[in-house]
Amino acid sequence: MTKKKIVLLDGNSLAYRAFFALPLLTNDKGIHTNAVYGFTMMLETILDNEKPTHVLVAWDAGKTTFRHSTFTEYKGGRQKTPPELSEQFPYIRKLIEAFGIEQYELDLYEADDIIGTLSRECSEAKAEVVIISGDKDLTQLANEQTTVCITRKGITDLEKYTPQHIEEKYGIEPLQIIDMKGLMGDASDNIPGVPGIGEKTALKLLKEYGSVENVYQSIDQITAKKMKENLVTNKEQAFMSKELATIEVHAPIEVSLADLDFAGRNEEEVIQLYKELQFNSLLEKLDAPVEVQHLEEIEIQTVDEVTADMLTDTMSIHVEIDGDNYLSASILGIGLSNETNTYFVPTNVAASSAVLKEWLEDHATLKYASDSKSAYAAIARLGMELNGTDFDLMLAAYIVNPSFSTGEVAEIARSFGYHGVKSDEAVFGKGAKRSLPAAEQLAEHVARKAHAVWELYPVVSKQLEENEQQELFHELELPLAKILGKMEVTGVKTDLDVLQTIGQQLSERLALIEKDIYEMAGEKFNINSPKQLGVILFEKIGLTPIKKTKTGYSTAADVLEKLENEHEIIQHILLYRQLGKLNSTYIDGLSKEIHEDGKIHTRFQQALTQTGRLSSINPNLQNIPIRLEEGRKIRAAFIPSEPEWIMFAADYSQIELRVLAHISQDEKLIEAFKQGADIHTKTAMDVFGVSEEDVDSNMRRAAKAVNFGIVYGISDYGLSQSLNITRKEAGEFIDTYLASFPGVKQYMDDSIADAKQKGYVTTLLNRRRYLPDITSSNFNLRSFAERTAMNTPIQGTAADIIKKAMIDMDARLEKEQLQTRMLLQVHDELIFEAPVEELERLKEIVPEVMEQTLQLDVPLKVDWNHGKSWYETK
DNA sequence: CCTTTCACG
DNA sequence: ACGTACGTGAAAGGC
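Note that the working numbering has the first sequence beginning at 323, numbered continuously upward.
Written as structure tokens, this is what we have:
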């Protein structure tokens, strides 16, 4: 007989976890499904990974438990279960049943106690037990047979607590977790513990005395006066807390191991339930026919010739691409729709149609696009131009809520309650199985996307209206989409020879460094593998690990720099990493991206970042090296695409701090910028209380770090890391800063309060970002949301400004009939290529346009440079 | 596919 | 007492 393996799941805890980890989803009947979906994913992964012979899901019985007779306020102050979750519990139970898994609950007891009792019985019977929960309390049950898995992040990422792991992490045994809770309490269960004692102190006490009982027996040995006092006055509370935290392992349960046989799931029931819940991706995995969500009947016409009567004054348009790169992948066809008709136009028909060309290029006919930038670029490849774009579903959804948009029509549509489109995955398949469907299915899919845009236009427009974001959408993002499309299609000329020459030199140096490293290590190994490198540095050589990652020793640069004086191998590794990065990401990576026209065509993601910035992909041209000279040379490969032209680059100076000055209305900060002061020096003068002459380079460096921190939503820890000082010192720095810039302090407090009250923060041009975690009881999530509340209006307003400048710049170049082309945007800078004759004009208009695009209460300042390559624009 | 590392603003 | 600075994308290793 094979060895028994029992999996015990904490139903309530996992359902809560699933609910909060996933965005709200609904099926077509309006029932929320996110917790059920998350629970399903957990079950599937756990069953897959653990392959148990026996399984049980334990549930909490009800509101009152035997613990309440000890302490009536046990679990008091908890928020009511949200109704969106409550309605899902019956489905979770059905699901568990369909999976062929037993479930059990017991009056007056919690799921913990059922799990505790069973795991004791099983481990006494020498069976292997795996416990799954989101509640760390259960780790007290870990022993040689029993592993406790606690959800870490998301829904399927579990941290495994074995006695060894607990020892490494806390330095105590599993049962001492109870003592730890007794001392520190547990806010989420309303267990009081001893005031003033947190995790750190609790662990210190336990390492010394072993248990709560022993702490009190040896109470006279404790010298810290305040702590001793707290312990003494709260003795009863400490013992009660320990009692509350103790899981009952002798609960009067009526199930036993024999009842928990796991025979596998009932496929039919599972499929039935998945269909009801519309878990289409899971159905596909089962090879079950996906229930097509009651798609509204629409008549679709595949046309072999575009005629004038088809094309009306206003239509929606979707250009379908085979893959995501609309600059290179083949164009599969165009969908067009209005209130009466929906068409699919195959690419060959579209490409040769003069009628279509005329309509597309007409500024007077309005187009509602699914993704106007991709449509613009793809249509450009057919030798036509797209004009008259009046709506863009992807952009509009992104403006309404930047966390919405994944770029897929089906998904965006769903988030606005429209279910008439299939997902691309359902039509094309995924990964290696991806393929083109039959012509008819393709036509229908493309046409349905166009139709979805048509249907959603009024819905999303109304939302924009309600949010007062019509202007942001129509005046900023929509015109910008076309400009970005133009930039992408234009591309940047790249000199492969330059890249190869640099690459050659790098390879030679890397080979030498590699040899040195092997010699110093005494063996060959893969330097690029953090795992292997960790073994060499921290086990073989015996250096002291400074930081750990989830999987082992950290070998990140900041760690290695601290070890630089310990062993000469370190500096070689750092150099190897630095040069290796240049070689793989930039030399090899960029070389592969040069098209036949000798140019690199990046794509700007306009509906992705949570702050309103752009991002750049395939390749990323927003992170070309500059800080170190060796990397900066890469920029010499980016050159003008015409002979006798030059590169011209202009960047905003300190735009984020200027934005901060404007939105915080801090008088001192505004004054500093009005005077044209060096802002870091000025900050140093205020923080250190010295005159300008007395600011030394260290003070300025510290002030600069503080300024960065302020923009990021400062924390003492973050600043301490960046300046390599203690947290206390960092905290004092921050206090001094905020005391001398009271307007900034006020802004920080106001943005957090604002986010709490409204649920979102906004930028100057009314871009929004929702911050649901701002009210979380989880310290980390809440702190993160608070920093985001401070940072997003700053970073986002800066993004608004440069976007507007791009629109103004494009118009100005057009107006003055210049040949200059805008090529790239790198968050606070714009890069152009230009005929040398236009240089003098650019020196005037580029800074003028960028500085005047929006009037703030501080001046905007732009620096510019030019040269024969991007490298020379410095 | 996830994690780690590192390039940019 | 929490163990991270804000926002990104790409490459490599390893499961």
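Note that beta-carbon positions come from the ideal geometry of N, C-alpha and C, so glycine has one too.
Using DSSP bridges, identify the partner residues of residue i.
i	result
R1109	Paired residue(s): none; R1109 is not in a bridge.
C471	I454, K482
V1227	Nothing about residue 1227 can be read from this structure; the chain reaches only from 323 to 1196.
P1157	W967
I328	H376, V451
M1070	In DSSP, M1070 forms no bridge with anything.
N1187	A971
F960	T816
Q425	V379
S659	S638, T664
R1090	T1084
S938	F926
I1167	According to DSSP, I1167 bridges with nothing at all.
L1152	A972, Q1147
Buried or exposed, going by whether 16 or more other CB atoms sit within 10 Å of the CB of residue i?
i	result
L758	exposed
F1101	exposed
R400	exposed
I653	buried
H685	exposed
S1099	exposed
Y338	buried
I541	exposed
D626	exposed
H572	exposed
G507	buried
R442	buried
D1179	exposed
G515	buried
Y908	buried
V1066	buried
D631	exposed
P496	buried
Q826	exposed
K1126	buried
E777	buried
Please return the same chain residues whose Cβ sits closer than 6 Å to the Cβ of residue i, not counting the five positions on each side in sequence.
i	result
G398	N512
R1109	G1035
M842	I891
If the criterion is Cβ atoms closer than 8 Å, does the pair residue i and residue j meet it?
i	j	result
A929	Y720	yes
G934	R1089	yes
K325	E446	no
S963	K990	no
I453	C471	yes
I656	Y690	no
K996	P1181	yes
G296	T1085	Since the first residue of the chain shown is 323 and the last is 1196, residue 296 is not available in this structure.
I1153	L1161	no
H773	G729	no
L440	F361	no
A567	G504	yes
N850	G902	yes
K771	V731	yes
I433	G333	The amino acid occupying residue 433 in the given sequence is Ala; Ile does not appear at that position. Yes. Within cutoff.
I436	L460	no
Considering only residues of the same chain and omitting the five flanking positions on each side of residue i, which have a CB-CB separation below 8 Å?
i	result
L347	H354, T355, N356, Y359
G911	P941
M323	Because the pLDDT at M323 is just 48, under 50, the model does not fix this residue reliably, and the point stays unresolved.
E840	A small correction: the amino acid at residue 840 is Tyr; Glu does not occupy that position in the sequence shown. Closer than 8 Å at the Cβ level, and outside the excluded window around Y840, lie K846, F847.
Report all residues from its chain with a CB closer than 7 Å to the CB of residue i; omit the five preceding and five following residues, and keep chain order.
i	result
L365	F421
E590	none
Y1193	R954, K955, R957, A958
L818	S913, I916
Y1039	R1049
Whole alpha helix (DSSP H) runs in the region 678–728 with 4 or more residues, listed along the chain?
-> 694–703, 715–722
Taking the runs of the alpha helix (DSSP H) that are 4 residues or longer, which of them lie wholly in the region 721–795?
-> 731–737, 746–750, 761–788
What runs of the alpha helix (DSSP H), each 4 residues or longer, lie entirely inside the region 500–573?
-> 521–531, 534–539, 547–555, 557–567
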